[in-house]
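Numbering (the working numbering), first residue to last: 4 to 533.
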Amino acid sequence: MRFDYVIVGAGSAGCVLAARLSEDPRAQVLLLEAGPEDRHPWLHIPLGYGKTFRDPNVSWQFQTEPEDSTGGRSLTIPRGKVLGGSSSINGLGFTRGQADDYDTWAQMGNRGWSFSEVLPYFKRMERFEGGADEFRGGEGPMSVSYARDRWELCEVFIKAAERHGIPYNADPNGARHEGINYFQMNTRNGRRHSTSVAYLNPVRSRPNLTVETHAEARRLLFEGKRCVGLAYEIQGQPREVRAGEVILCGGSIGSPQLLELSGVGQGGRLKDLGIEVVHDLKGVGENLHDHYLARSVWRVTQKVSFNERMSGIRLGIEAMKYALFRRGLLAICAAQLCAFLRSRPELDLPDLELTFTPWSMQQGKIGVFEDQPGMSIVAFQLRPESRGSIHIRSTDPKQAPAIRPNYLATETDRRVLIDGLRLARRIVASPELDPYRGEQIWPAPHLNTDDELLAHARETGASVGHLCGTCKMGPATDANAVVGPDLKVHGIEGLRVADGSVLPTQISGHTNAPIIMIGEKASDLVRAAA
Ligand SMILES: Cc1cc2nc3c(=O)[nH]c(=O)nc-3n(C[C@H](O)[C@H](O)[C@H](O)COP(=O)(O)OP(=O)(O)OC[C@H]3O[C@@H](n4cnc5c(N)ncnc54)[C@H](O)[C@@H]3O)c2cc1C
Numbered sequence: 004m005r006f007d008y009v010i011v012g013a014g015s016a017g018c019v020l021a022a023r024l025s026e027d028p029r030a031q032v033l034l035l036e037a038g039p040e041d042r043h044p045w046l047h048i049p050l051g052y053g054k055t056f057r058d059p060n061v062s063w064q065f066q067t068e069p070e071d072s073t074g075g076r077s078l079t080i081p082r083g084k085v086l087g088g089s090s091s092i093n094g095l096g097f098t099r100g101q102a103d104d105y106d107t108w109a110q111m112g113n114r115g116w117s118f119s120e121v122l123p124y125f126k127r128m129e130r131f132e133g134g135a136d137e138f139r140g141g142e143g144p145m146s147v148s149y150a151r152d153r154w155e156l157c158e159v160f161i162k163a164a165e166r167h168g169i170p171y172n173a174d175p176n177g178a179r180h181e182g183i184n185y186f187q188m189n190t191r192n193g194r195r196h197s198t199s200v201a202y203l204n205p206v207r208s209r210p211n212l213t214v215e216t217h218a219e220a221r222r223l224l225f226e227g228k229r230c231v232g233l234a235y236e237i238q239g240q241p242r243e244v245r246a247g248e249v250i251l252c253g254g255s256i257g258s259p260q261l262l263e264l265s266g267v268g269q270g271g272r273l274k275d276l277g278i279e280v281v282h283d284l285k286g287v288g289e290n291l292h293d294h295y296l297a298r299s300v301w302r303v304t305q306k307v308s309f310n311e312r313m314s315g316i317r318l319g320i321e322a323m324k325y326a327l328f329r330r331g332l333l334a335i336c337a338a339q340l341c342a343f344l345r346s347r348p349e350l351d352l353p354d355l356e357l358t359f360t361p362w363s364m365q366q367g368k369i370g371v372f373e374d375q376p377g378m379s380i381v382a383f384q385l386r387p388e389s390r391g392s393i394h395i396r397s398t399d400p401k402q403a404p405a406i407r408p409n410y411l412a413t414e415t416d417r418r419v420l421i422d423g424l425r426l427a428r429r430i431v432a433s434p435e436l437d438p439y440r441g442e443q444i445w446p447a448p449h450l451n452t453d454d455e456l457l458a459h460a461r462e463t464g465a466s467v468g469h470l471c472g473t474c475k476m477g478p479a480t481d482a483n484a485v486v487g488p489d490l491k492v493h494g495i496e497g498l499r500v501a502d503g504s505v506l507p508t509q510i511s512g513h514t515n516a517p518i519i520m521i522g523e524k525a526s527d528l529v530r531a532a533a
């Protein structure tokens, strides 16, 4: 078998590349995905997120190494393992971050990645319900919708936030980032719009596009320093394919893992594992960064939270509402409100995100709602400085790599998170919430000092699911860079990486939209070089 382009991983970026590169009927494109087709109904109903991200049939259930930074806990890291990748199981919130995030990438030596240069790709990607303007796209494949419902507790929370200097922002993906509003969502007519649905489904019948599911890439094939194809397994059967170019879209865990298994990575580390070194590249698996959240939970004194609607007849009513109108609880994303704000007034730009949900989970039990009314606020620092790593442990591709996020390793990361926990308390103490506010459950009200709040964050916090950076984009002069601004792997021909692993630094929001943008821009880079 020989293809012009072999794309590994049908996730947020991979589906975009497969659709865009196969627009040229002369280009033969193969898309390999380790997981299955995205047929399960819960993958398409927004609330299904609560089930699918924990389902090993469609979600890799990686584990972090126990670290002091998380109170010695090992955290579960879900990633999509299905067509659409993590865009099929994620929380559906659609955010782009700040213009400054991309200008920083350009300033690090990544020509072509400043905000004004990536904005056309953000616009090309989306069909925004609010229509096109200077910042938004109206004709793209990916639907971006406003939340369909307004909720009493959310409306009150917005007013309380305004009292604390957090302005209402009609479009946080538009001219201004700062402020509070309901999340915009990747949904169309109340159904999830993953990249599989938005990009791949409309082009599956193209004769020059082959999509193989249950197909796991095992090793890249090299002739000298040129990648010429790869070995993969489909339903346990070994196969090989030759390629004009291989594009890795396996995500921040899958892409560095495959590079290392194939002999591209830190020479000493690979030799110790008995892997023949094809190219010594120090940055592979380094520069891991993620958003780390700390949660605050309160009881609510009236029956206006989602908790009491999540069972029995009230859940039945919600199911009917969804079936008839595509509204109600089954149409919600993972959090309802999103606030981007500055933790200190002297800052130029937001450095903190708070999300608000008019519901609460049982402590330590993800996906299990409390049986009394509750509300929660999640805080996380937008641009973490802490850096961790992902490295293989052995030559066995089935063995998950060691993931060491090294959360909260810097003073700024710790301080902003503690500020977030304090600010959440101040907002909830506002008079607007007097009729609703019950006791605080998490962190317990007697926990007040920096050390106590930090201990709470370490012992109960979690990943937001935004692991990025493990094949860092940067010029060849950057010793830790794995790919250049053209996304080609440094020192190797015929091989690019285009997914969340190339982010040099975190963006100030959630990562799905930026990674779809990377897929769009990568397709132009590949076509320009053809
Ligand atoms: C639970 C969860 C909630 C999230 N919520 C949000 C949110 O609300 N908003 C937001 O913007 N972002 C969210 N994110 C983050 C966002 O979805 C991801 O950052 C983004 O989808 C990652 O895109 P990617 O293309 O890098 O990788 P992925 O989309 O993860 O795609 C990688 C694909 O490659 C496949 N693969 C890996 N290795 C191989 C191999 N060896 N062979 C073949 N295939 C392989 C995988 O199975 C997967 O399908 C969330 C993520 C998770 C996990």
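We treat Cβ as the ideally placed atom computed from N, Cα and C, and that holds for glycine.
Just so we're clear, the structure is a prediction, and the values are computed from it rather than from any experiment.
Going by DSSP, W108 is part of the alpha helix (DSSP H) stretching over A102 to Q110.
The alpha carbon of A178 has as its nearest neighbour, out of A102, A220 and H469, the alpha carbon of A102. Taking the Cβ of L95 as the reference point, at least one heavy atom of ligand 1 falls within a distance shorter than 6 Å.
The C-alpha of Q509 is placed about 22 Å away from the C-alpha of N184. Minimum Cα-Cα distance from M188 among the listed residues V61, R428, E132 and G38 corresponds to E132.
When secondary structure is reduced to three states using DSSP, G51 falls in the helix class.
In the three-state reduction of the DSSP assignment, Q260 falls in the helix class. For R82, the shortest separation between its Cβ and any heavy atom of ligand 1 lies below 6 Å.
Beta-carbon to beta-carbon, V214 and A13 are separated by about 7 Å, close enough to satisfy the 8 Å threshold.
If one requires a minimum length of 3 residues, the beta strand (DSSP E) runs lying completely within the region 23 to 77 are 32 to 35 and 62 to 66, in chain order.
Spatial neighbours of C157 in its own chain (CB-CB distance under 8 Å, excluding positions within 5 residues in sequence) are listed in chain order as Y185, Q339, L340, F359 and P361. DSSP, reduced to helix, strand and coil, places I80 within a strand of the structure shown. Taking a C-beta distance under 7 Å as the contact criterion, A479 and H493 qualify as a contact pair. For T190 and D152, the gap between their C-alpha atoms comes out near 13 Å. V371 counts as exposed, since fewer than 16 other C-beta atoms from the protein chains shown sit within 10 angstroms of its C-beta. Contact annotation: T216 and P39 have beta-carbon atoms nearer than 7 Å. 7 Å or more divides the Cβ of E236 from the Cβ of R222.
DSSP places S379 in the strand class (E or B) of the three-state scheme. Within the same chain, Cβ atoms closer than 8 Å to the Cβ of T398 are found at L264, L276, G277 and I278, the five residues on either side in sequence being excluded. DSSP links L498 through a beta bridge to V249.
In the DSSP assignment, Y202 is bridged to no other residue. Counting C-beta atoms within 10 angstroms of its own C-beta, H449 has fewer than 16 neighbours from the protein chains shown and is therefore classed as exposed. Taking the Cα positions, E321 is about 27 Å away from V431. For M323, the enclosing alpha helix (DSSP H) starts and ends at G315 to F328. When C-alpha distances from S392 are compared across V467, A427 and G286, the shortest belongs to G286.
Of the candidates G423, Q64, L498 and E388, the residue whose Cα lies closest to the Cα of C471 is E388.
Within 6 Å of the C-beta of V287 there is not a single heavy atom belonging to ligand 1.
The count of Cβ pairs closer than 8 Å, one atom from the region 372 to 387 and one from the region 253 to 272, stays below three, leaving the stretches out of contact. Per DSSP, F125 is not a residue of any beta strand (DSSP E); the alpha helix (DSSP H) it occupies stretches across F118 to M128. Rounded to whole angstroms, P348 and V9 show a C-alpha spacing of 49 Å.
Bridge pairing for I421: absent [DSSP].
In this structure T107 is buried. Its beta-carbon is surrounded by 16 or more other beta-carbon atoms within 10 angstroms. In the pairwise beta carbon analysis, the region 90 to 101 is classified as touching the region 503 to 520: at least three pairs are separated by under 8 Å.
The alpha-carbon of V281 is positioned some 23 Å away from that of F6. F97: not part of any alpha helix (DSSP H); DSSP gives it neither H nor E. Placement of the Cβ of H513 at a distance of less than 6 Å from at least one heavy atom of ligand 1 is found.
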